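Structure, as structure tokens:
There are 2 protein chains.
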Amino acid sequence: MSISSRFAVGVHILSLIEFNKDGVSSSEYLAESVNTNPALIRKIIGMLKKAGLVEVHPGIPGTKLARSLSDITLLDVYKAVNVVQDNELFNVHESPNPKCPVGRNIQNTIIPILSAAQLAMEKVLGNVTIEYVVKDMLEKEKIN
Amino acid sequence: MSISSRFAVGVHILSLIEFNKDGVSSSEYLAESVNTNPALIRKIIGMLKKAGLVEVHPGIPGTKLARSLSDITLLDVYKAVNVVQDNELFNVHESPNPKCPVGRNIQNTIIPILSAAQLAMEKVLGNVTIEYVVKDMLEKEKIN
DNA sequence: TTACATGTAATCATAATAATTACAATTTAA
DNA sequence: TTAAATTGTAATTATTATGATTACATGTAA
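These protein sequence lines are chains V and S, in that order. Anchor point for the first sequence: position 136 equals 135 in numbering that gives the first Met the number 0, and the numbering is continuous, going up by one each time. Anchor point for the second sequence: position 77 equals 76 in numbering that gives the first Met the number 0, and the numbering is continuous, going up by one each time.
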């Protein structure tokens, strides 16, 4: 089990749009960097658009960022691409036996805990911006 | 995508062993409460045993806790049942294009962030014991 | 030796993912 | 007006993971 790479690809797309801000970031161009096919990129871009993170129009080549770099967090991307629903990071068995004191309470007892764990993870993502990601990549370029 | 219910079932099993500490917790007994089949329970119990959380012996009916309730955290269970490997909660696309500054840095830039997010989630689990879970279930029984 | 429980491998149906193909809809430029 | 290029989106496929199930070998105790 792991969270869909749509999320990492979304971050990749937004970062590359910034790196290529003076050029045209078509789905084919982005797909070459991600190393996948343009249709998948367009699907993810569609989700980013729906979330208000990018601007893109049918027939017009290229995608632009709709917000400043410092105003887009990894949590925004994560939410945009629907990799995990609220309260659904953890799968809880569906039909425990209500005749048993554990069976009839397990869900109500652990779901709040699991939800808190999920929120703690998401909070970390919320504290990282695409601006940081881009700057970090530039740093790594300098070093190498 | 979501984390396997093996984890929630593991918590269920340990809690029920405690509730039933004066009786015999066979895989069939546990399976009835979880509402699944005994083979799956035995598989999960095998993992809990390997992690030193329970005692169980071939041919001898029943499973016992190997540690005190207050010394077993949800993180112990999570680790025991192998629902998520270290650094693998998030899937990162495998072969980004090394000719692109984003493609050649995306992994090194986001993996530490994703790892920190995963650890934050796991830390929450590490702060909750089976003792708390059992007590909370008892509380909920009183109320209802 | 018989009955019963655990340990474990194998099989199967289902669901999710990512890759891919295909094509309609839209825009721009010739 | 037409042609070319791009986005939007649905459908298909191969692969993988999960959970349910079956089967049976192994081990214990009466």
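Glycine included, C-beta positions come from ideal geometry on N, C-alpha and C. Remember, it's a predicted structure, so these values are computed and weren't measured experimentally.
Counting along the chain, the unbroken beta strand (DSSP E) around residue 59/S starts and ends at 59-64. Under a 10 Å Cβ-count criterion, residue 67/V is classified as exposed, with fewer than 16 other Cβ atoms of the shown protein chains found around its own Cβ. Our two residues, residue 126/V and residue 13/V, have alpha carbons roughly 17 Å apart in a direct line.
In the DSSP annotation of this structure, the continuous segment of the alpha helix (DSSP H) that includes residue 132/S starts and ends at 129-142.
The DSSP-derived three-state label of residue 54/V is strand. Within its own chain, the residues whose Cβ lies closer than 7 Å to the Cβ of residue 61/V, once the five positions on either side in sequence are excluded, are 23, 24, 25, listed in chain order.
Taking 8 Å as the threshold, the shortest C-beta distance from residue 132/V to chain S falls below it. Neighbours of residue 102/V in chain S, taken as residues whose beta carbon is under 9 Å from its own, are 11, 15, 31, 32, 33, 34 in chain order. Between the alpha carbons of residue 17/V and residue 52/S lies a distance of about 50 Å.
With a minimum length of 4 residues, the unbroken runs of alpha helix (DSSP H) contained wholly in the region 66-90 of chain V fall at 73-79.
Two segments are said to touch when three or more pairs of C-beta atoms, one from each, lie closer than 8 Å; by this definition the region 68-77 of chain V touches the region 116-131 of chain V.
Taking a cut-off of 8 Å for Cβ pairs, the region 79-86 of chain S and the region 25-36 of chain S do not touch, as fewer than three such pairs fall below it. Residues of chain V with a Cβ closer than 7 Å to the Cβ of residue 87/S are, in chain order, 1.
For the region 112-124 of chain V, the beta-carbon criterion of a distance under 9 Å to any beta-carbon of chain S is satisfied by 112, 113, 115, 116, 117, 118, 119, 120, 121, 122, 123, 124. Among the residues of the region 60-92 of chain S, those with a Cβ less than 8 Å away from any Cβ of chain V are 73, 82, 83, 87, 88, 89, 90, 91, 92, in the order of the chain. Here residue 63/S has 54 as same chain residues with Cβ atoms under 6 Å from its own Cβ, once five neighbours each way along the sequence are excluded. Rounded to the nearest whole angstrom, the CA to CA distance from residue 92/S to residue 137/S is 45 Å. For residue 106/V, same chain residues with a beta-carbon under 8 Å away, outside a window of 5 residues either side, are 91, 95 in chain order. Residue 22/V: not part of any alpha helix (DSSP H); DSSP gives it neither H nor E.
Taking the CA atoms as reference points, residue 104/S sits about 20 Å from residue 43/V.
Listed along the chain, the chain V residues whose CB falls inside 8 Å of the CB of residue 108/S are 132, 135, 136, 139. Residue range 37-49 is occupied by the alpha helix (DSSP H) that includes residue 41/V. The beta-bridge partner set that DSSP reports for residue 2/S consists of 89/V. At least one beta carbon of chain V lies nearer than 8 Å to the beta carbon of residue 8/S. Under the 10 Å beta carbon count, residue 100/V is surrounded by 16 or more other beta carbons and is classified as buried. The beta carbons of residue 50/V and residue 79/V sit closer together than 8 Å.
The residues 51, 52, 53, 54, in chain order, have a CB closer than 7 Å to that of residue 65/V in the same chain once the five nearest residues on each side in sequence are set aside. Within chain S, the residues 112 have their CB atoms less than 8 Å from the CB of residue 127/V, given in chain order. Think of a sphere of 9 Å around the beta carbon of residue 4/S: the chain V residues whose beta carbon falls inside it are 89, 90, 91, 92, 93, in chain order.
In this structure, the straight-line span from the alpha carbon of residue 108/S to that of residue 130/V is close to 12 Å.
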